[in-house]
Amino acid sequence: MPARHVVGPRPDRHGAVSASPDILEQLLHPVSGDTGIDRKALAELLLEAARSMKPDIDTPSEGLLRADPRLAQLRMVLLGPEIEALSRLEDPAQFAAAVGRVLPSAVAHASGDGQLGLALAPALEKATQSSIRSNPRTLVNILYPLIVPAISKSIGETIDKTFQSLNESLKHSLTWRGLRWRLEAWRSGQSFAAVVLKHTLVYQVEHVFLIHRHTGLLMSHVAAENAESQDPQIVSAMLVAIQDFVRDSFHGAEQQGLDALRLGELRLWSEAGPFATLVAVIRGNPPEDLHEVLTITLSRIHSEYNLLLETFDGDSTGLEGVEADLTTCVAQRQQAPLQARTGFPWLVALTVLVVLLLVAAWGIHWWLGERRWDDYVARLQAQPGIVIIETGQHDGKYLIEGLRDPLAADPEALLRAAGLVPGQVAFRWVPYEGLDAPIVLKRLVASLAPPAGVTLTINGNRIVANGSASSAWLDRARLAAETMPAGAPVFDLSAVTNADAARDAHWADYVGLLRDQPGIVITEAGQRDGRFVISGLRDPLAANPLNMLSEAGLNPLLVTSHWAPYESLDPTIVLKRLQKSLDPPASVALMVEGDTIAAIGSAPSLWLERARMVARLLPSGAPRLDLSQVRNVTDPELVKLSDTIQATVIRFDYNQPLPAAGQDETLDQLASELNRLASLAATWHFTIQVMVTGHADASGTGAFNLSLSLARAEAVIALLNKHGVDPEMLGLRGAGALEPLENKGAPETARSGDRRVSFTIEMQAQS
Numbered sequence: 077m078p079a080r081h082v083v084g085p086r087p088d089r090h091g092a093v094s095a096s097p098d099i100l101e102q103l104l105h106p107v108s109g110d111t112g113i114d115r116k117a118l119a120e121l122l123l124e125a126a127r128s129m130k131p132d133i134d135t136p137s138e139g140l141l142r143a144d145p146r147l148a149q150l151r152m153v154l155l156g157p158e159i160e161a162l163s164r165l166e167d168p169a170q171f172a173a174a175v176g177r178v179l180p181s182a183v184a185h186a187s188g189d190g191q192l193g194l195a196l197a198p199a200l201e202k203a204t205q206s207s208i209r210s211n212p213r214t215l216v217n218i219l220y221p222l223i224v225p226a227i228s229k230s231i232g233e234t235i236d237k238t239f240q241s242l243n244e245s246l247k248h249s250l251t252w253r254g255l256r257w258r259l260e261a262w263r264s265g266q267s268f269a270a271v272v273l274k275h276t277l278v279y280q281v282e283h284v285f286l287i288h289r290h291t292g293l294l295m296s297h298v299a300a301e302n303a304e305s306q307d308p309q310i311v312s313a314m315l316v317a318i319q320d321f322v323r324d325s326f327h328g329a330e331q332q333g334l335d336a337l338r339l340g341e342l343r344l345w346s347e348a349g350p351f352a353t354l355v356a357v358i359r360g361n362p363p364e365d366l367h368e369v370l371t372i373t374l375s376r377i378h379s380e381y382n383l384l385l386e387t388f389d390g391d392s393t394g395l396e397g398v399e400a401d402l403t404t405c406v407a408q409r410q411q412a413p414l415q416a417r418t419g420f421p422w423l424v425a426l427t428v429l430v431v432l433l434l435v436a437a438w439g440i441h442w443w444l445g446e447r448r449w450d451d452y453v454a455r456l457q458a459q460p461g462i463v464i465i466e467t468g469q470h471d472g473k474y475l476i477e478g479l480r481d482p483l484a485a486d487p488e489a490l491l492r493a494a495g496l497v498p499g500q501v502a503f504r505w506v507p508y509e510g511l512d513a514p515i516v517l518k519r520l521v522a523s524l525a526p527p528a529g530v531t532l533t534i535n536g537n538r539i540v541a542n543g544s545a546s547s548a549w550l551d552r553a554r555l556a557a558e559t560m561p562a563g564a565p566v567f568d569l570s571a572v573t574n575a576d577a578a579r580d581a582h583w584a585d586y587v588g589l590l591r592d593q594p595g596i597v598i599t600e601a602g603q604r605d606g607r608f609v610i611s612g613l614r615d616p617l618a619a620n621p622l623n624m625l626s627e628a629g630l631n632p633l634l635v636t637s638h639w640a641p642y643e644s645l646d647p648t649i650v651l652k653r654l655q656k657s658l659d660p661p662a663s664v665a666l667m668v669e670g671d672t673i674a675a676i677g678s679a680p681s682l683w684l685e686r687a688r689m690v691a692r693l694l695p696s697g698a699p700r701l702d703l704s705q706v707r708n709v710t711d712p713e714l715v716k717l718s719d720t721i722q723a724t725v726i727r728f729d730y731n732q733p734l735p736a737a738g739q740d741e742t743l744d745q746l747a748s749e750l751n752r753l754a755s756l757a758a759t760w761h762f763t764i765q766v767m768v769t770g771h772a773d774a775s776g777t778g779a780f781n782l783s784l785s786l787a788r789a790e791a792v793i794a795l796l797n798k799h800g801v802d803p804e805m806l807g808l809r810g811a812g813a814l815e816p817l818e819n820k821g822a823p824e825t826a827r828s829g830d831r832r833v834s835f836t837i838e839m840q841a842q843s
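Going by the working numbering, the sequence shown wraps up at 843, each residue one higher than the last.
What follows is the structure, encoded as C-alpha cells:
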C-alpha cells in the first residue's frame, strides 16, 4: 500500500477536534493508487473504529477479528482524516460548504442513472407549479419561442395543403378527365379534391437522411432501390452547409432553416427536431400530408433514442433501429393508375371533331370581332378631340386608354355603330382640351352662344365669324379670342359688324359729359350682360347723372349706376356748399376766382362772424373763402327794435300774478315789435332769444316772492303767445325781490316799480 500523509486532529481553542474541509472530498473520491486495498479488511477495521467511538454498538460481526489494542494506533493512521471529517459534520455551515463543493460532480456522476431523475421529479414538479402560480408570464416567455414557430409552420403546411388541393381541382375541373373523376368521386363517396390528388400527385421518396443537428454528422441514411446519389456523407455535409449559409446570410433566420428546396423534379423537405434533422429527397409532386409522416417519424426517433441523440459524437452504435423508421419514410410513394386498353375511341374522336368545329366557328367569330374592333379603333382615332394611347385586352374585355376632350364624340355611341357590345369594352379617358379646329369651334359655340345674326365657320386653321352682333357679345368674343391657348386656331372677328354702334356712341358721349361735371369721379364704365354699367364717386351737390341720360339719348333702363357719396373739393361744388350753409344776405355775393371763393358786399357783424367760422372749418385742399371784400354794417331798425323791447316794462298790482289794468296796449305793441325783430333776425341770419324776467317787491318771504315773479313772467309769455309771438323765442326767468329798481320817492311808489316784468334780448349768428 502506498504511503499516505495523515493529518492528525488539531484541537481548537475550545478543545474540540477540527480538520481540513477537504476531508469529505477524500471520503467520497478515492485516492488514485488505492484500487488494490482489501475492502473486506478495511470494512472490519472501520467497524472496529466505529465501536471504539460509540461503545453501545452491538452488531455481531461474523468472521471479523475482535478488538486489538493496536487498533487505536491503526485507526489514527488509516482513518485520522475521516474521523476528523465526521466530527465536523455536526457544524451545519461547514457541512453545507463541503457538500456544495462536491455536489456538482456528484450530480454529473449520477446523471447516467435514472434513479436520480425519479428522485428529483416530485420536488421539481412542485417547484415548477409554485413558480407558474406566482408568475405565469415566466412559462409564457419560455414556451413562446417554441410554440409560435410550431404553430406558424403547422398553419403554413395546412394552407399549402389547401391551396394544393384547390389548384389541382381547378386545373382538372372542366376537362374530360375531370368529368370522369367527378363520377368516381360520386360513386366512391370521396371528395372531388381527394380523387384529383390521388390521380395527379405521383411521387416517390428516394432518400431519407438523419443528420445530427448540432454537429452536422450523418447518423443514418436509407435510399430506395432504384435511387441513385452521391456519397451520403457528402450529401449530408452539403445540406448542412446550405442550412448554415441561409442562417448566416439572412437577418432573422439565425434560429430557423430551409423547410423545402426544389431542384427540377426533385424536392428536399426538411423537418427539424431538438437533436436531429430529417431530410427527405422526393421525386415528383408529393402531397402536403407527407410532412405529417416525416414529423411523426422524427418524433418517434427522438422519443426512442433521446439520450443517444443528445450525446451523439459520431458513433452510431445503438442507432441501428433508426433505419427501420427511415425505411417507412422511403416506402412513401404513389404511381399513376394504369389506363385500361380499349378499342378505337369513337366517342373521343367524335368529341374531338365537335371540338374542332367549335374551335373553327369560334376562330371565325373571333376574326370577325377583331376586324370590327380594328375598324372601330381606326374610326375612333379619326375623331377630333380623341387621342388613343394604348389598346389591348384586360380581364376578358377590350381596353382603350387615351385623352378625350369633353366635347368630342361619345366613344360608346360609336361602339354600337361598329357592331360591338358596349359591355365588352372598357375605357380609361383622361380629359384634356383639344386644339383641333372642329373642337375649338364647338367650344366657342358653347361658350359664346353667338346670336342668330352671327355664323362661325372653319377656314383652314382659322375660325371666321360673320354677321352682325351686339357690342356686349363682341366684347365677350374679343376676350375669348385673346385668351385662346397657343397652337389653337385663330378666331377672326373682323367680319362682324357692331349692331349697337349708334348706342355705343351715345354712351361714350354720356360718359364724357359726366367726366366733365364737377363733383363726379368715374371709376368704372362699360357693358355687362347687354347693359351699360357705370360707377364712381358723386358729391350730393353735383349734377344728377340720371337727369343727364335723356340729354345723351340713352334709355335709363339700360344703365346701371352705382355712386358712392363723397365731399368734393372742386371750387364750383365748394361754392354751392357755402351758398347753402352760409345763406348770404342779398348784399353779399360769392364767386369763384381761381382756387379762391371771394365774398363781395356788406353784411352785419353776426353774419361775418359765422362766415369766418365756416372759412376756418373748410377741409385741407379746399378753395379758400376770402371775406376781405365784405363791409361790416349794422341794421338801424334791428338795433332800434332791440332797444325799444328791452326798455318795455309790464306793471302788476300788489300780490297779483296778472298784469295791472291798462297794460293791454303795451302788450299789443310789444308783440308787434317782437315779431318784427324775429323777421329782421332771419334776414340777417341771426338767432334771437328774448328772456322774460318776473320781479316782486320786498314785502313777503323770499320763496313767495320768487314764486310770484315766475307766475308774472309766465302770464306775460302766455299773453304774447296769443298775439302770435313764437314761444321758442321766449325764455322764462324769476328774479323775486333780488333785482329791485332804484326808485326815489315814497316807499309805496318804490315798491310799485318793483312789481314788474322786464325783457332782455340776446342775438347770435346762425351756424
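Virtual Cβ for every residue (Gly too), placed ideally from N, Cα, C. If you're wondering where the values come from, they're calculated on a predicted model, not measured in any experiment.
In terms of DSSP beta bridges, what is residue i paired with?
i: residue 707; result: 678
i: residue 702; result: 674
i: residue 284; result: 298, 356
i: residue 336; result: 345
i: residue 726; result: 833
i: residue 310; result: Its beta-bridge partners do not exist; DSSP assigns none.
i: residue 204; result: Looking at the DSSP assignment, residue 204 forms no beta bridge with any residue, so it has no partner.
i: residue 545; result: 574
i: residue 611; result: 600, 638
Rank the options by C-alpha distance to the C-alpha of residue i and give the top, closest one.
i: residue 884; options: 280, 312, 393, 353; result: Examination of residue 884 is not possible in this model, given that the chain is present from 77 through 843 alone.
i: residue 772; options: 765, 801, 815, 804; result: 815
i: residue 478; options: 456, 738, 471, 589; result: 456
i: residue 792; options: 782, 373, 778, 767; result: 767
i: residue 837; options: 723, 483, 675, 579; result: 723
i: residue 614; options: 649, 602, 344; result: 649
i: residue 539; options: 739, 553, 359; result: 553
i: residue 360; options: 344, 506, 537, 686; result: 344
i: residue 353; options: 324, 312, 322; result: 312
i: residue 652; options: 785, 507, 673, 370; result: 673
i: residue 533; options: 565, 207, 633, 680; result: 565
So, helix, strand or coil for residue i, using DSSP?
i: residue 369; result: helix
i: residue 296; result: strand
i: residue 319; result: helix
i: residue 392; result: coil
i: residue 502; result: strand
i: residue 840; result: strand
i: residue 696; result: coil
i: residue 824; result: helix
i: residue 529; result: coil
i: residue 644; result: coil
Along the chain, where does the beta strand (DSSP E) containing residue i start, and where does it finish?
i: residue 568; result: 566-574
i: residue 808; result: 806-812
i: residue 43; result: Since the displayed the chain opens at 77 and closes at 843, residue 43 lies outside it and no answer follows.
i: residue 637; result: 635-641
What span of residues does the alpha helix (DSSP H) with residue i cover, start to end?
i: residue 780; result: 778-798
i: residue 382; result: 382-386
i: residue 655; result: 647-658
i: residue 624; result: 621-628
i: residue 497; result: That residue, residue 497, is in no alpha helix (DSSP H); it is neither H nor E in DSSP.
i: residue 588; result: 577-592
i: residue 753; result: 740-759
i: residue 291; result: From DSSP, residue 291 is part of no alpha helix (DSSP H); its letter is neither H nor E.
i: residue 488; result: 487-493
i: residue 523; result: 513-524
Tell me whether residue i, by its Cβ, gets closer than 7 Å to a heavy atom of the ligand FMN.
i: residue 434; result: The model depicted lacks the ligand FMN and carries no ligand whatsoever.
Validate contact between the segment 545-555 and the segment 567-574 using beta carbons, cut 8 Å, 3 pairs: yes
Contact between the segment 387-399 and the segment 359-372 (3+ Cβ pairs under 8 Å): no
The segment 697-709 contacting the segment 724-736, beta-carbon criterion three pairs below 8 Å: no
Given 8 Å, three or more beta-carbon pairs between the segment 488-495 and the segment 468-475: no
Cβ contact check for the segment 634-648 and the segment 590-597: 3 or more pairs under 8 Å: yes
Any 3 or more C-beta pairs closer than 8 Å across the segment 741-758 and the segment 776-785: no
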